[in-house]
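Okay, so here's the structure we're looking at.
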Amino acid sequence: MLNAAVSHSSFTAENGFAYRSAARQKLDVYVPATPGPAASMSTCGTAWPPCRHVFLRQQLAERLARELSVRRRRARIGGYVVVIPDYRTWPETAFPGFVDDAAVAVRWARDHASEFGGNPSRIFLMGHSAGTHIAMLLLATDDGRYLAAQQLGKRDISGVIGLAGPYDFLPLKDDTLKAIFPPALRPASQPINFVHGDEPPMFLAAGKRDTTVDPGNTDRLAAKLRAAGDSV
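Residue numbers (my numbering): 3 to 234.
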């Protein structure tokens, strides 16, 4: 019922593209109805444990793909092509498996953006909660993983939007999280450890009363980005 409430007049949805062979390694593409110099945005999902908010996905797609989403010098600019991937979650995989999946999805978005009217040289990453944790880790280049494994790098990302992100959340107290993030890999799971001053521009937001993800995560990451000379 909620899905039916979202207007589809501003976009068309193409669902179930496989970027790898596992059941959850699929993505949906939302294409704006109005042609224009659209950018391509690859957005990450919303949780390390299984979770799929179809209504929220469609709301996001409708908003970003909407005609006249941007006005510049009175010229009409088309909306964004929106790529929303699923990825393997616990217990199917632990860290860093779901980040590897997201990197492959970004590679898919870059390779196929032009087929949907998007611009492969203007890819933005956006995520909420665990999704933004994944988006931030995609920029981690210290060990040559993630984007580097897909022959991509920070320069291939035009910007990042992070909503209510866990960026600096050690020590772990929850038993499920302890299983998802093995002890030896926990330092590598913290996006705040991978700030070097060459990150793409970022917009970070958090609710001050968020009791699930401490908004201090956002404050600390923003402070470290600014100290490194990044735009945030």
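Yeah, the Cβ is synthetic: ideal placement off N, Cα and C, and Gly gets one too.
Specify the secondary structure class of residue i as computed by DSSP and reduced to three states.
i: H135; result: helix
i: F171; result: coil
i: L154; result: coil
i: R147; result: coil
i: F126; result: strand
i: V108; result: helix
i: L206; result: strand
i: E64; result: helix
i: P185; result: helix
i: D102; result: helix
i: D212; result: coil
i: A142; result: coil
i: R74; result: Caution applies to R74, whose pLDDT of 41 falls short of 50 and renders its modelled position unreliable; the model cannot decide the point.
i: S191; result: helix
i: A24; result: coil
If you draw a straight line from the C-alpha of residue i to the C-alpha of residue j, how long is it?
i: G99; j: D177; result: 19 Å
i: P217; j: G164; result: 12 Å
i: K28; j: E201; result: 27 Å
i: D170; j: P193; result: 7 Å
i: A24; j: W92; result: 14 Å
i: Q114; j: Q153; result: Just to set this straight, residue 114 is His in the shown sequence, not Gln. About 15 Å.
i: P173; j: N17; result: 38 Å
i: R147; j: L223; result: 21 Å
i: E117; j: S131; result: 30 Å
i: Y83; j: P184; result: A small correction: the amino acid at residue 83 is Val; Tyr does not occupy that position in the sequence shown. Whole-angstrom Cα-Cα distance: 36 Å.
i: F97; j: H135; result: 12 Å
i: G167; j: R124; result: 23 Å
i: G129; j: V234; result: 16 Å
i: L30; j: R22; result: The question names Leu, but residue 30 in the sequence shown is Asp. So the two alpha carbons sit approximately 13 Å from each other.
i: F13; j: D232; result: 34 Å
i: L205; j: V162; result: In the sequence on display, residue 205 carries Phe and not Leu. Each residue's Cα considered, the two are about 6 Å apart.
i: R75; j: L62; result: For R75, the predicted structure reports a pLDDT of 40, less than 50, and the residue's modelled location is therefore unreliable. The matter cannot be settled from this model.
i: F19; j: V215; result: 31 Å
What do you get for residue i, buried or exposed, if any count of 16 or more other CB atoms within 10 angstroms of its CB means buried?
i: R112; result: buried
i: T213; result: exposed
i: E64; result: buried
i: R78; result: With a pLDDT of 49 at R78, under the threshold of 50, the modelled position of that residue is not reliable, and the figure given next carries that caveat. It is exposed - the Cβ of R78 has fewer than 16 other Cβ atoms within 10 Å.
i: H198; result: exposed
i: R157; result: exposed
i: G209; result: exposed
i: A107; result: buried
i: F126; result: buried
i: R90; result: buried
i: G155; result: exposed
i: L187; result: exposed
Are any of the Cβ atoms in chain B nearer than 8 Å to that of residue i?
i: R211; result: Any reference to chain B falls outside this structure, which holds one protein chain only.
For residue i, which beta-bridge partners are listed by DSSP?
i: V31; result: E16, V85
With respect to the alpha helix (DSSP H) encompassing residue i, which residues constitute its N-terminal and C-terminal limits?
i: A224; result: 218 to 229
i: A181; result: 177 to 182
What residue range is occupied by the uninterrupted beta strand (DSSP E) comprising residue i?
i: I159; result: 159 to 165
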